[in-house]
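For what it's worth, my numbering labels the leading residue of the sequence shown as 4, then goes sequentially. Idealized CB from N, CA, C, for every residue including glycine. Quantities reported herein were computed from a predicted structural model and do not represent experimental measurements. Following: one structure in structure tokens, then a few remarks.
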Amino acid sequence: MIKKLSLIIAFLLLTIFPLSSCNKNTTNKNEEEKYNYLLAEAGEITVPLTPFDSLDPLTTENLSYFYLCGLVYEGLYTLDKNYRPRPVLIQDEFVGDKTIRIRLKDGIVFHDGQNLRASDVVDSLNRIRTIGKGPYYNLIVNNITKKFALNARAIDDRTVEFTYDGDGPFLKEYLIFPVVKSDNVNLKTTMPSGTGPFKFASYENKKELNLERFDNYHDEISSIGKIKGIVHESEDLIYTSLETGRIKVSTAWDLNYFKFFNNDRFNAKTYLSNEMYFLFLNPSGVLQDAPLREAIYSSIDKDKIIKMALNDQAYPSTGFINPNSYFYRLNQDENSDDKAREILGDRHETLNLYFYWNNEYHVKIATQLAEEFRGVGFKVNLVGSTNESFDDYKNNLKAGGYDIALVGMNTNLIPDYAYTINSILPYQSTAINEALSEISDAKDEEDLIKITNKIDLIIQHERIFVPLVYKVDALIYSNSIVGEIEPNAIFPYRTLRSAYFTTKQ
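Shown next as structure tokens:
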């Protein structure tokens, strides 16, 4: 949970379709059906926090606090299950060429009772630009040139005009940043005011943060009365707090959360994270031979990797875009051991497979891949060392002294191949770079979808980058909490606004 935020630019990590969550019932099913569930008095949800040093939702780099902020603050837009922007604070929108003029809804108030104004929106964006860090800054800024290309001005109290002078089209995803009341100047120590379904009640540094329901919320009022964030000194303590009942809700992010499935005290809803793994088949050595790359590609069984190495907590991918995203293009995998053996014939090439040994996902995936490669006739050396630091791993990855590298990273909400592929590996694809140059002329999201789909086809054809899987995370919650719980990787807690507590009659 201390890892980088999922909106952040693609970077190397230290480190199925969503599983149907089910609840193990110790009571006989026929007897269970005799009970009716009743809405309980508005209760308190407890969630974990890790130590953070600022209450600023615009620039926080603490993942646990970022998640909690999804219940307190709102952007002009939010994201649906396919990561498409949907309006939240907007009455009307007028889209032009690299501009958008939005009209705020009437009657929306901050938690202190003051009306939402266009100047609050402009000041929130300007603060993100000025501070120059955090997930929303990284979403907007160009990862290569570091240009912050989004600007805003207030036309009147309820109208804001945005202009975008960066590469590619102006996307509404840039406008999901939280709107904070303008006079909350000291966001490091002041509990800033938002427009979300919950508001700050109290904060005790390094101990707990309390939220309460905002009864003047502009949309459906939550059934949950209070939410308490309890600070944990380390991630290891969070699962213990779940098991003991100290916290009722938490995200789950590693290979051990399966113990909360089929549990008589918890429910678990899985969701696709933005954390993916892929292979780089280094074309500067023996794998400059395209048929050998084809043999490797054909021998990879992603479903087996998911089952054998990742406890079914992953989803196969054929691209560098989250499979839930509306940008994603579904390709067909072509796994065939027989084809791989036919290509190799009597050749028994030796492959040096490099990965980060201090990450359990890397170790498990690399071990499974080595078994598959050997099964079709390759000899495989697992190279690297547990004594290697992550910085050394990144440097060695860039240096390229291997045949195959296993790489893990978080992908951007908005596809960013220039950074994702070109910045971390010793290879530049002429065809991909030519396609990337087309982005500057893209007029809208449909143009961008066509270009990213074109790049995915190039990747599939070259057989140099091989996307493997996206990791699946989960939202674990007490079985006394019910409702339409549909978490996503960006705002997993926001779904709690529609939840409620139950009790048996």
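query                                                                                                                                                                                   : result
Can you tell me the Cα-Cα spacing of Pro90 and Glu297, whole angstroms?                                                                                                                 : 45 Å
Relative to the C-alpha of Gly137, which candidate in Ile103, Phe180, Gly171 and Leu119 has its C-alpha closest?                                                                        : Phe180
Suppose you measure from the CA of Glu375 to the CA of Ala152; what does that come to, to the nearest Å?                                                                                : 46 Å
Do the CB positions of Lys202 and Glu489 come within less than 8 Å of each other?                                                                                                       : no
Span of the beta strand (DSSP E) holding Gln371?                                                                                                                                        : Taken as a continuous stretch (DSSP letters only), Gln371 belongs to no beta strand (DSSP E), being part of the alpha helix (DSSP H) at Glu363 to Gly378.
Give the C-beta separation of Phe173 and Thr102 to the nearest angstrom, bearing in mind that I take them to be a contact with Cβ-Cβ under 8 Å.                                         : 7 Å
What does a CB cutoff of less than 6 Å around Ile134 pick up in its chain, not counting 5 residues either side in sequence?                                                             : Thr62
Can you look up Phe283 in the DSSP assignment and give me helix, strand or coil?                                                                                                        : strand
By alpha-carbon positions, which one of Asp115, Thr505 and Pro51 ends up nearest to Thr254?                                                                                             : Pro51
Does the Cβ of Lys251 have 16 or more other Cβ atoms within 10 Å, making it buried, or fewer, making it exposed?                                                                        : buried
Is the distance from the Cβ of Asp406 to the Cβ of Leu354 below 8 Å?                                                                                                                    : yes
Pop quiz: Tyr331 and Leu275 are said to be a contact at Cβ under 8 Å. What is the actual Cβ separation, rounded to whole angstroms?                                                     : That pair is no contact at about 10 Å.
My output table needs one value for Val475: the three-state DSSP class, helix, strand or coil.                                                                                          : strand
Do you know offhand how far Asn285's Cα is from Tyr300's?                                                                                                                               : 13 Å
Less than 7 Å between C-beta atoms, sequence neighbours within five positions excluded: which residues of the same chain meet that for Arg130?                                          : Leu61
Could you name the residues of the same chain whose beta carbon sits closer than 7 Å to that of Ala445, not counting the 5 residues immediately before and after it, in chain order?    : Gly171, Pro172, Leu451 and Ile454
Which residue wins for smallest C-alpha separation from Ile467, given the options Thr498, Ile424, Glu437 and Leu499?                                                                    : Ile424
Considering only their Cβ atoms, is the gap separating Ile417 from Glu512 smaller than 8 Å?                                                                                             : Residue 512 lies beyond the residue range present for the chain, which begins at 4 and ends at 508; the question has no answer from this structure.
Please state if the CB of Leu107 and the CB of Gln94 are separated by a distance shorter than 8 Å.                                                                                      : yes
Using three-state DSSP, classify Pro172 as helix, strand or coil.                                                                                                                       : coil
State the CB to CB distance for the pair Leu212 and Gly232, rounded to an integer number of angstroms; the pair is presumed to be in contact (CB under 8 Å).                            : 4 Å
Go ahead and label Gln463 buried or exposed: buried means 16 or more other beta carbons lie within 10 angstroms of its beta carbon, across all protein chains shown.                    : buried
Please work out which residues of its chain come closer than 7 Å, Cβ to Cβ, to Glu448, disregarding the five sequence neighbours upstream and downstream, and give them in chain order. : Pro172 and Leu174
Could you pull out every unbroken alpha helix (DSSP H) segment of at least 4 residues lying fully inside the region 380-417, listed in chain order?                                     : 393-402
Going straight from the alpha carbon of Thr198 to that of Tyr70, what length do you get?                                                                                                : 16 Å
Grab the span of the beta strand (DSSP E) containing Thr49 for me, first residue to last.                                                                                               : Glu47 to Leu52
Does Lys184 pass the burial test, meaning 16 or more other C-beta atoms within 10 Å, or should it be called exposed?                                                                    : buried
Quick one: give me the first and last residue of the alpha helix (DSSP H) that Leu142 is part of.                                                                                       : Pro138 to Ile143
Could you tell me the alpha carbon to alpha carbon distance between Thr498 and Ala343, rounded to whole angstroms?                                                                      : 45 Å
Under a three-way DSSP split, which group does Ile230 fall into?                                                                                                                        : strand
Give the list of continuous beta strand (DSSP E) stretches no shorter than 3 residues that lie fully inside the region 91-131.                                                          : 93-98 and 102-107
Using C-beta distances below 7 Å, list every residue in its chain close to Asn290, excluding the 5 sequence neighbours before and after it, in chain order.                             : For the sequence presented, residue 290 should be read as Leu rather than Asn. Counting only Cβ-Cβ distances below 7 Å, and skipping sequence neighbours, we find Leu284, Arg296 and Asp406.
Beta-carbon separation of Val523 and Val163 under 8 Å?                                                                                                                                  : Residue 523 cannot be examined here, being either before or after the span of the chain that is shown, 4 to 508.
Out of Asp341, Asp267 and Phe281, which has the shortest C-alpha to C-alpha gap to Pro470?                                                                                              : Phe281
Tell me whether Arg500 is buried or exposed, calling it buried when 16 or more other Cβ atoms sit within 10 Å of its Cβ.                                                                : buried
Short of 7 Å in beta carbon distance, which residues of its chain neighbour Ala369, apart from the five on each side in sequence? Order them along the chain.                           : Leu356, Phe358, Leu385 and Leu409
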